[in-house]
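Q: Can you keep this structure in mind? I'll have questions shortly.
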Amino acid sequence: MIHKKLKDFPADFFWGASTSAYQVEGAWNEAGKGLSVMDVGNHPEDVADFKVASDHYHHYKEDIALMAEMGFKTYRFSIAWTRIFPEGMGKINQQGIDFYNSLINELLKYNIEPLVTIYHFDLPLALKEKGGWTNRDTIAAFVNYAEILFEEYGDRVKYWLTINEQNMMILHGNAFGLLDDDSKDIKQELYQSNHLMLVAQAKVFNLYHQKVKNGKIGPAPNIISIYPASSKPEDILAANNYSAIRNWLYLDAAVFGRYNATAWSFMQEKNITPQLKSNDLKILKAGKPDFIAFNYYTTATVAEDFKAEAENRFKGDQQIVDNEPGLYRRQQNEYLAETEFGWEIDPVGFRTTLREIYSRYNLPLIVTENGLGAYDKLEAEDTINDDYRINYLRSHLKQLQLALTDGVEVFGYCPWSAIDLVSTHQGINKRYGFIYVDRDEFDLKDLRRIRKKSFYWYKNVIATNGQEL
Ligand code: BG6
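With the first letter of the sequence shown counted as 1, position 125 gets the number 126 in this note's numbering; the numbers rise by one all the way through.
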């Protein structure tokens with residue numbers, strides 16, 4: 002649709018950016034923090050781990066001052082479960098509570114609205130050792146952890162996200178600590194974990210609405226449009242299969258409180274259906290989100306597949322489709338360029354995705370991740386000329402504005418990432434931030450913060466409320 006006139010971004014639009022605790026904080030074993038699966042995970046040895054990361058734990062005041070300088074209206078960060086409960090449950094670590102109190106207060110000092118992810122991949126190791134998300138006790142641990150957060154911070158935090166990219170954790174189990182081995186098979190334990198997470202999430206939606214009256218809560222999956230490789234009906238069916246398994250399984254459960262039929266029949270076919278307890282479906286139905294947050298980096302293109310065996314799987318990279326025998330097979334999209342890390346760049350697909358989610362669920366949307374990972378270069382006089390990042394973000398924001406004009410209700414945009422941080426599996430030199438952190442994979446240097454060109458560009462975008470992109 003071509004619009005003669007574009008809608009303006011809403012006056013109270015949440016301009017901001019995102020990070021996650023284990024990727025940005027460092028201080029992995031300080032101030033009483035327990036170990037998480039990300040601290041000990043099967044991380045590649047040739048890139049940085051998460052021990053120091055961007056050392057935001059010790060630099061948060063300076064970092065928040067820079068966010069304020071950019072004009073952020075909101076900042077999405079996650080709380081490290083193991084700072085609050087070093088063992089996942091049981092004894093509370095007061096130093097952890099204090100840290101996030103200081104961080105939240107620092108944001109409020111600049112009128113930046115905190116947008117808090119409760120759980121971003123970093124399950125406490127102590128829970129993992131007891132079976133993690135395959136153990137029903139983890140539901141209670143998660144609900145209890147969330148309850149403490151609502152009690153401690155609920156007076157000041159009004160926007161909450163339950164679980165970051167649950168769908169990526171399930172589809173790429175070995176990348177995010179759900180599986181220990183490099184197995185390429187789909188496992189029942191993954192879909193059992195998925196089910197328990199869905200139940201835990203629904204319980205937390207419910208609990209929040211009972212406890213807090215003037216705040217909002219939503220899920221935060223990674224949702225993308227899926228294209229068929231051609232107009233061949235079998236390819237279209239393949240795209241429909243992948244959409245159900247990758248996207249709708251998660252959001253249908255979160256919003257409608259039921260399993261998506263195609264996804265359920267896929268689980269039956271593969272013999273991986275979760276074991277349900279009699280009350281589970283009731284709990285799913287009772288939990289309702291107030292909005293949908295979603296992360297978007299790229300789209301995916303798939304074709305039909307006739308194979309009997311899994312092959313060419315990319316368990317470690319969450320944006321690369323894993324072929325599913327008999328259901329779908331990854332295809333390159335010849336119309337799209339790629340980032341240096343092989344992720345296809347698709348701004349128009351962003352508009353399509355926003356429309357698809359909104360027309361299916363009719364809830365307000367917020368984009369909680371979108372961005373370009375690149376090898377930035379620190380040049381003379383402390384400059385980083387990341388025009389490629391500006392181009393990526395600008396082209397996506399243009400499509401977001403088109404989606405707004407199409408009638409999609411979007412209340413915020415938080416690209417990845419506010420500041421450079423350690424990528425899930427590709428180190429610190431796959432950079433995403435508006436703020437450069439001066440360190441290399443293994444040489445920590447001085448961890449100095451330096452404004453990139455995109456910093457100044459985004460500052461102006463926010464100052465003009467998106468009039469100048
Ligand atoms: C999302 C995650 O999958 O993508 C983030 O929520 C992650 O934690 C981001 O960092 C970018 O991915 P990567 O693998 O480049 O770090």
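Each residue gets a CB set at the ideal place from its N, CA and C atoms; glycine is no exception.
These numbers were taken from a predicted model, which means no experiment stands behind them.
1. Where does W161 fall in DSSP's three states?
2. Does the ligand BG6 have a heavy atom nearer than 7 Å to the CB of H397?
3. Cβ of Q167 versus every heavy atom of the ligand BG6: is any distance shorter than 7 Å?
4. Can you grab the Cα-Cα spacing for the pair G174 / N30, in whole Å?
5. Using 7 Å as the cut-off, classify the Cβ of W161 as near or not near the heavy atoms of the ligand BG6, replying yes or no.
6. By Cβ distance below 7 Å, which residues in the same chain neighbour V438 in space, the five residues on each side in sequence not counted?
7. Suppose you measure from the CA of H4 to the CA of L285; what does that come to, to the nearest Å?
8. Going straight from the alpha carbon of D441 to that of V53, what length do you get?
9. What are the boundary residues of the beta strand (DSSP E) that G17 is part of?
10. Can you tell me which of M90, D281, A176, V303 puts its alpha carbon nearest to the alpha carbon of F122?
11. If contact is defined by three or more beta carbon pairs under 8 Å, each pair taking one atom from either stretch, is the region 14 to 31 in contact with the region 60 to 79?
12. What does the Cβ neighbour count give for K204, buried or exposed, with the cut at 16 atoms within 10 Å?
13. Please say whether Y298 and K473 have beta carbons closer to each other than 8 Å?
14. Mark E46 as exposed unless 16 or more other C-beta atoms lie within 10 angstroms of its C-beta, in which case mark it buried.
15. Answer yes or no: do L405 and V411 have a C-beta to C-beta separation smaller than 8 Å?
16. Any chance the region 106 to 123 sits against the region 154 to 171, with 3 or more Cβ pairs inside 8 Å?
17. Buried or exposed for G91, going by 16 or more other Cβ atoms inside 10 Å?
18. Suppose the cutoff is 7 Å on Cβ atoms and the five residues either side in sequence are ignored; what does the same chain contact list for L337 look like?
19. Would you say the region 288 to 297 touches the region 366 to 378, given that touching needs at least three Cβ pairs under 8 Å?
20. First and last residue of the alpha helix (DSSP H) that includes S455?
21. Take L282 and list the residues in its own chain whose beta-carbon comes closer than 8 Å to its own, dropping the five residues that flank it on each side.
22. With three or more C-beta pairs closer than 8 Å as the rule, is the region 323 to 330 touching the region 355 to 362?
23. What span of residues does the beta strand (DSSP E) with T384 cover, start to end?
24. Is there contact here, the region 382 to 400 with the region 451 to 470, by at least three beta-carbon pairs under 8 Å?
25. Do F14 and G413 have their C-beta atoms within less than 8 Å of each other?
26. Beta-carbon within less than 6 Å of M1's beta-carbon, same chain only, minus the 5 sequence neighbours each way: which residues are those?
27. Between which two residues does the alpha helix (DSSP H) harbouring P234 extend?
28. Hey, how far is the Cα of A464 from the Cα of E166?
29. Considering only heavy atoms of the ligand BG6, does any lie closer than 7 Å to the CB of E345?
30. Exposed or buried, S7, counting other C-beta atoms within 10 Å across all chains shown (16 or more means buried)?
31. If you follow the alpha helix (DSSP H) that F486 is in, where does it begin and where does it stop?
32. Give me the Cα-Cα distance between L394 and D388, rounded to the nearest whole angstrom.
33. What number of angstroms, rounded off, separates the C-alpha of P416 from the C-alpha of R352?
A: According to the structure shown:
1. strand
2. no
3. no
4. 25 Å
5. no
6. Cβ-Cβ distances below 7 Å link V438 to S55, I420, D421, L448, R450 in the same chain, with the five nearest sequence neighbours on each side left out; the list follows chain order.
7. 40 Å
8. 11 Å
9. Counting along the chain, the beta strand (DSSP E) containing G17 begins and ends at 15 to 19.
10. A176
11. Segments in contact, yes.
12. buried
13. Shown here, the chain extends from 2 to 470; a query on residue 473 therefore has no answer.
14. exposed
15. For L405 and V411, yes; Cβs fall inside 8 Å.
16. yes
17. exposed
18. Excluding positions up to five away in sequence, the list reads E345, I346, D347.
19. yes
20. Segment 454 to 464, the alpha helix (DSSP H) holding S455.
21. G258, R259
22. no
23. From DSSP, T384 is part of no beta strand (DSSP E); its letter is neither H nor E.
24. Yes: the two stretches touch, three or more of their Cβ pairs being nearer than 8 Å.
25. yes
26. Only positions 2 to 470 of the chain appear in this structure, which leaves residue 1 out of reach.
27. 234 to 244
28. 30 Å
29. Not so, every heavy atom of the ligand BG6 lies at least 7 Å from the Cβ.
30. According to the sequence as given, residue 7 is Leu; it is not Ser. It counts as exposed.
31. Outside the shown range of the chain (2 to 470) lies residue 486, about which nothing can therefore be said.
32. 10 Å
33. 15 Å
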